[in-house]
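*Asks:*
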Amino acid sequence: MFTTLSSPKVGLPRDLFGAIADLKRELNAVVLAHYYQDPDIQDVADYLGDSLGLSQQAAKTEADVIVFAGVHFMAETAKILNPNKLVLLPDLDAGCSLADSCPPDAFAQFKAKHPDHLVISYINCTADIKAMSDIICTSANAVSIVRQIPADQPIIFAPDRNLGKYVSEQTGREMVLWQGSCMVHETFSEKKMVQLKIQHPEAEVIAHPECEPAVLRHADYIGSTTALLNYCQKSSSESFIVATEAGILHQMQKAAPNKQFIAAPPVNNCACNECPHMRLNTLEKLYLAMKTRSPEITLPEQTRLAALRPIQRMLEMSI
Ligand code: SF4
Numbered sequence: 001m002f003t004t005l006s007s008p009k010v011g012l013p014r015d016l017f018g019a020i021a022d023l024k025r026e027l028n029a030v031v032l033a034h035y036y037q038d039p040d041i042q043d044v045a046d047y048l049g050d051s052l053g054l055s056q057q058a059a060k061t062e063a064d065v066i067v068f069a070g071v072h073f074m075a076e077t078a079k080i081l082n083p084n085k086l087v088l089l090p091d092l093d094a095g096c097s098l099a100d101s102c103p104p105d106a107f108a109q110f111k112a113k114h115p116d117h118l119v120i121s122y123i124n125c126t127a128d129i130k131a132m133s134d135i136i137c138t139s140a141n142a143v144s145i146v147r148q149i150p151a152d153q154p155i156i157f158a159p160d161r162n163l164g165k166y167v168s169e170q171t172g173r174e175m176v177l178w179q180g181s182c183m184v185h186e187t188f189s190e191k192k193m194v195q196l197k198i199q200h201p202e203a204e205v206i207a208h209p210e211c212e213p214a215v216l217r218h219a220d221y222i223g224s225t226t227a228l229l230n231y232c233q234k235s236s237s238e239s240f241i242v243a244t245e246a247g248i249l250h251q252m253q254k255a256a257p258n259k260q261f262i263a264a265p266p267v268n269n270c271a272c273n274e275c276p277h278m279r280l281n282t283l284e285k286l287y288l289a290m291k292t293r294s295p296e297i298t299l300p301e302q303t304r305l306a307a308l309r310p311i312q313r314m315l316e317m318s319i
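Count the sequence shown with full-length UniProt numbering and you get residues 1 to 319, in order.
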């Protein structure tokens with residue numbers, strides 16, 4: 001039975017979860033989802049992870065079709081690693097403010113001013129920026145990757161200035177930073193964070209390194225999305241103030257149902273600690289993408305090959 005169509009051609013089944021499971025079998029498809037996706041999408045995912053885990057899964061999947069429930073640069077990374085597979089993104093407009101803060105032309109000029117520098121780029125960037133980079137990193141492995149670079153080798157770190165500053169502090173390495181940032185992680189208010197800590201003195205503050213230094217200095221623990229998820233399970237604390245995209249709270253609550261998770265407050269009383277780009281993907285769009293085999297991610301082969309090299313270096317350096 002079908003309800004009213006959201007697409008002129010394809011109907012939506014009543015049991016979307018069942019229909020997605022059927023399509024997975026029919027297409028030999030795998031659904032990879034980021035922790036920042038809606039809980040319904042998280043629940044249909046075959047693999048749920050942060051950027052590092054998702055790229056590792058994309059590199060080793062045997063599926064013919066990859067349905068990437070995340071943002072554009074993540075699906076692009078899956079395509080770079082799997083040129084012969086069909087890679088679908090439920091909503092092609094699911095972009096990323098951080099990736100957009102590093103336009104390729106401007107970055108090429110910036111790079112040309114530092115010709116002897118090694119370029120390490122956070123995975124949250126476009127394929128064009130990856131193609132201009134020497135090594136890709138994620139928030140989970142950035143510190144370790146920078147530590148593996150010889151001390152006399154100057155480094156450009158792009159595009160996130162907050163992650164770059166954090167990595168610089170952790171490693172003691174001076175790096176030339178591209179001044180990009182994420183609109184979600186820059187939205188957390190230090191003032192409101194302090195008020196929340198006063199209200200919940202027993203809570204530990206855990207934060208993603210994309211947050212601004214003013215927020216990070218209140219954190220008891222700083223780590224990638226997966227590291228935050230693991231930490232809250234291992235810690236003896238019963239409650240946590242979580243400064244990263246609010247979608248991760250669903251997995252934290254599932255993993256530790258008896259603990260309390262409080263989303264760190266944004267500057268305004270809005271939902272701007274939820275990534276508006278990630279939230280463009282919905283369960284309905286995910287179903288329609290599988291049903292219609294579109295929208296598909298495609299890339300010029302020259303760009304793909306140039307972007308592949310620094311991703312492979314990251315995967316080799318993260319073993
Ligand atoms: S949370 Fe920030 S970095 Fe992550 S996808 Fe959204 S805009 Fe990009």
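Even for Gly, the Cβ is constructed at its ideal location relative to N, Cα and C.
State buried or exposed for T4, treating a residue as buried only when at least 16 other CB atoms are found within 10 Å of its CB.
*Replies:* Because T4 sits at a pLDDT of 34, beneath the cut-off of 50, its placement in the model cannot be relied upon, and the point is left open.
*Asks:* Can the beta-carbon of I297 be found less than 8 Å from the beta-carbon of K60?
*Replies:* No.
*Asks:* Let me make sure I understand the geometry here. Which of Y287, P300, M314 has the alpha-carbon closest to that of V10?
*Replies:* Per the Cα distances, Y287.
*Asks:* Between residue 373 and I222, how many whole angstroms is the CB-CB distance? I'm expecting something under 8 Å.
*Replies:* Outside the shown range of the chain, which is 1 to 319, sits residue 373, and nothing can be said about it.
*Asks:* In the DSSP output, what is I206 paired with across the bridge?
*Replies:* Y221, V242, per the DSSP bridge assignment.
*Asks:* Is N281 near the ligand SF4, judged by its Cβ being under 7 Å from some heavy atom?
*Replies:* N281: no, Cβ never under 7 Å from the ligand SF4.
*Asks:* Cα-Cα, which of D116, I135, S121, D128 is closest to Q153?
*Replies:* It is D116 whose Cα lies nearest to the Cα of Q153.
*Asks:* Does the beta-carbon of E245, which I'm using as the reference point, lie nearer than 7 Å to any heavy atom of the ligand SF4?
*Replies:* Yes, Cβ of E245 sits closer than 7 Å to a heavy atom of the ligand SF4.
*Asks:* Can you list, in chain order, the residues of its chain whose CB lies under 6 Å from that of residue 366, leaving out five sequence neighbours each side?
*Replies:* One cannot answer for residue 366 here, as it falls past the ends of the chain, which runs 1 to 319.
*Asks:* Which residues share a DSSP beta bridge with D160?
*Replies:* G180.
*Asks:* Would you list the one or two residues that DSSP bridges to H34?
*Replies:* In the DSSP output, where bridge partners are listed per residue, H34 has G49.
*Asks:* Considering only the alpha carbon of each residue, which of D38, L32, Q37 lies closest to Y47?
*Replies:* Y47 has its Cα closest to that of L32, out of D38, L32, Q37.
*Asks:* Between the segment 143–157 and the segment 87–103, can you find at least three pairs of beta-carbon atoms closer than 8 Å?
*Replies:* Because the criterion of three Cβ pairs below 8 Å is not met, the segment 87–103 and the segment 143–157 do not touch.
*Asks:* Please name the residue in V176, Q170, D160 whose C-alpha comes closest to that of S186.
*Replies:* Inspection of the sequence shows that residue 186 is occupied by Glu rather than by Ser. Residue D160 is the option with its Cα nearest to E186.
*Asks:* For the candidate residues M317, D105, C137, whose alpha-carbon lies nearest to that of V119?
*Replies:* Nearest C-alpha to V119: C137.
*Asks:* DSSP three-state call for A29: helix, strand or coil?
*Replies:* Note: A29 maps to strand in three-state DSSP.
*Asks:* Who pairs with P266 in a beta bridge, going by DSSP?
*Replies:* DSSP, once it has assigned bridges, lists F188 as partnering P266.
*Asks:* Whole angstroms are fine: how far does the CA of G18 sit from the CA of F2?
*Replies:* Residue placement at F2 is flagged as unreliable, the pLDDT there being 37, under the threshold of 50; the coordinate-derived value follows with that caveat. Their backbone Cα atoms lie some 13 Å apart in a straight line.
*Asks:* Do A246 and E274 have their CB atoms nearer than 8 Å?
*Replies:* Going by C-beta atoms, A246 is nearer than 8 Å to E274.
*Asks:* Tell me whether V87 sits in a helix, a strand or coil according to DSSP, three-state version.
*Replies:* Strand at V87.
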